[in-house]
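Note that our numbering has the sequence shown beginning at 17, numbered continuously upward.
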Amino acid sequence: MSEDEEKVKLRRLEPAIQKFIKIVIPTDLERLRKHQINIEKYQRCRIWDKLHEEHINAGRTVQVESVPLPLNLG
Numbered sequence: 017m018s019e020d021e022e023k024v025k026l027r028r029l030e031p032a033i034q035k036f037i038k039i040v041i042p043t044d045l046e047r048l049r050k051h052q053i054n055i056e057k058y059q060r061c062r063i064w065d066k067l068h069e070e071h072i073n074a075g076r077t078v079q080v081e082s083v084p085l086p087l088n089l090g
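Next up, the structure:
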């Protein structure tokens, strides 16, 4: 594949990448901030079952963002 073809294919991805940067990342950061607040609250109050649940949910939020995007450039 030539360099020009690669640039064209990457340009097609740019709107999706920009949307991801502007919407998905800030949304997930806010969600993680809320998880952190809840985790701290449950620790202070010693509500261990809720604390465990909140840890799981925070981990899921992070895990979703670490999944690589399917980039079919071929």
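The beta carbon of each residue, even a glycine, is placed where N, CA and C say it ideally should be.
Secondary structure in the stretch 32 to 85: the alpha helix (DSSP H) runs of 4 residues or longer, each lying completely within the stretch, are 41 to 61 and 64 to 82 in chain order.
Between the C-alpha atoms of valine 40 and arginine 76 there is a straight-line separation of about 15 Å. Between glutamate 70 and histidine 51, the gap from beta carbon to beta carbon is short of 7 Å.
Comparing alpha-carbon positions, the option among Asn73, Lys35 and Ile55 lying closest to leucine 67 turns out to be Ile55.
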